[in-house]
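Each residue of the sequence shown is one higher than the one before, starting from 246 at the first, in the numbering used here. From the three backbone atoms N, C-alpha and C, an ideal C-beta is built for every residue, glycine too.
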Amino acid sequence: MKNIFFLLFAVLLAGCEYEISPWQTDAHCPGVSVEENLAKLAAFEQSIGKVDFYQVAIIGDPQQYPGSFENTIEHVNTLDDVHFVLLVGDLAETGIKAEFEWMCKAMSKSNKPIISVIGNHDSLSFGKDIWLDVFGPYDFAFTYQDSRFVAYNDNKYEFDNVPDRDWLAEQAAPVDGQEWDHVIGVSHIPPWEADVGFDTHLKDSGYELTLHGHESSFDYWQWEDDLLPHYITTQNRDPGFGILSVYPGVLELDDCSRDCEKTIPRTVPKPKSLLLLVEEEEQD
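What follows is the structure in structure tokens.
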């Protein structure tokens, strides 16, 4: 009788799915890769043609708040002018499989493409491997409505030799003589004070704005040395996100609360060329 009991118990165990370790890397996250979402965005762009105005939602640091993250996504779903979402890192807190799966479940609620950028917390534990498997490369770039969006890994806590300055300059350069309407950098961590040289490199390469998370609250600033604007969106403990409005020659930024009240509008004028600035100084 005892042998029969243990045999039945073994059969039942064999039919159960369970995790042996929290350090597994095979996260179940269908449909969230950068490649898949860029394909969705390209198809959407083809269906609507050229437009003079669109918006991008900027969501950051949902790591410990999957419920609030899902609420934010559901609200962004109602904003028709938002064409896609930039998720600027720290989806996970400790980089384990379960945390990514919680966020992937929330992302599946989106009716818009979500383009994800790696954060420093995403890189902990086995997060680097999970990220490559689920989302794809750490650095990538794409074009939408003749504007260039360049996503890059600047997580100096967990990586060496980042960001890749040469690659960033290459991605901002015109292609076949075509000038971009805008060139926008996207990363998790805003530049540090010691990174003024990097800031100047971005500005000289043609970047006119960078978007970030990491700091857990809204912010907007630029150093007087190069005047490259940086926008930081809030964390997602309470539903909140940034809105980037894109027009020909002009970028506008807004902080959005739970009800997406535009609280601090900021306009980012398209930068003038150095030659034009010199001509203006001579006229003065």
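Residue i lies in the beta strand (DSSP E); which residues open and close that run?
i    : result
S361 : I359 to S361
T455 : L454 to H457
H320 : No beta strand (DSSP E) contains H320, which is instead part of the alpha helix (DSSP H) from P311 to V321.
G430 : V428 to V431
W466 : D464 to W466
R393 : S392 to A396
A386 : F385 to Y389
Please check the pair residue i and residue j, which I expect to be a contact at CB under 8 angstroms, by giving their CB distance rounded to whole angstroms.
i    : j    : result
Q300 : I488 : 5 angstroms
D409 : I434 : With a Cβ gap of about 15 angstroms, D409 and I434 do not count as contacting.
A417 : Y452 : 6 angstroms
L454 : V491 : About 10 angstroms; that fails the 8 angstroms criterion.
S450 : Q480 : That pair is no contact at about 29 angstroms.
V321 : V431 : Contact flag wrong, Cβ pair sits at about 17 angstroms.
S370 : T339 : 6 angstroms
D426 : P493 : 6 angstroms
H475 : H457 : 6 angstroms
Name the DSSP bridge partner or partners of residue i?
i    : result
G487 : I303 and D500
V330 : A302 and I359
I477 : H457 and D464
Y492 : V495
N423 : According to the sequence as given, residue 423 is Gln; it is not Asn. Looking at the DSSP assignment, Q423 forms a beta bridge with V420.
V513 : L496
Use the C-beta contact count for residue i: other C-beta atoms within 10 angstroms, 16 or more gives buried, fewer gives exposed.
i    : result
A284 : exposed
E344 : buried
F380 : buried
P275 : exposed
W376 : buried
T508 : Confidence in T508 is poor, its pLDDT being 49 and thus under 50, which makes the residue's placement unreliable; the coordinate value appears in the next sentence. Label assigned to T508: exposed.
V330 : buried
S361 : buried
E315 : buried
K357 : buried
S368 : buried
T317 : buried
A396 : buried
F298 : exposed
Q291 : exposed
L195 : In the structure displayed, the chain extends from 246 to 529; residue 195 sits before or after that span and is not available.
K295 : exposed
V420 : exposed
Y383 : buried
The alpha helix (DSSP H) with residue i in it runs from where to where?
i    : result
A287 : V279 to I293
D374 : G372 to V379
L413 : R410 to A417
F345 : K342 to M352
K448 : V441 to S450
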